[in-house]
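Colleague:
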Amino acid sequence: MIIKSKLNFNLLKIKSIGISSAIIVRGLFDYLDVRIIDDITIFS
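Count along the sequence shown from 1, then add 40; that gives the number in my numbering.
Below you can see the structure in the form of structure tokens.
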């Protein structure tokens, strides 16, 4: 029983790390898109 709850907790930690890193990556891509659009509007 203790092992099972520990495993569930580890899975939860892995899941939350995965979700937060996905959010970070998505934020980076959004930032890059905005930068590219800004550069296009500035230079054109």
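Heads up, the beta-carbon is just placed ideally off N, CA and C, and yes, glycines get one too.
Measure the alpha-carbon distance for residue 54 versus residue 77 and round it to whole angstroms.
Modeller: For the purposes of this step, residue 54 is taken as residue 14 along the sequence shown, with counting starting at 1. For the purposes of this step, residue 77 is taken as residue 37 along the sequence shown, with counting starting at 1. So the alpha carbons of these two residues sit roughly 35 Å apart.
Colleague: Using the Cα positions of residue 69 and residue 49, report the straight-line distance between them to the nearest angstrom.
Modeller: If you number the sequence shown from 1, residue 69 lands on position 29. If you number the sequence shown from 1, residue 49 lands on position 9. Whole-angstrom Cα-Cα distance: 30 Å.
Colleague: Quick check: the Cα distance between residue 80 and residue 72, rounded to an integer number of angstroms?
Modeller: Here residue 80 is taken as the residue at index 40 of the sequence shown, counted from 1. Here residue 72 is taken as the residue at index 32 of the sequence shown, counted from 1. Roughly 12 Å separates the two Cα atoms.
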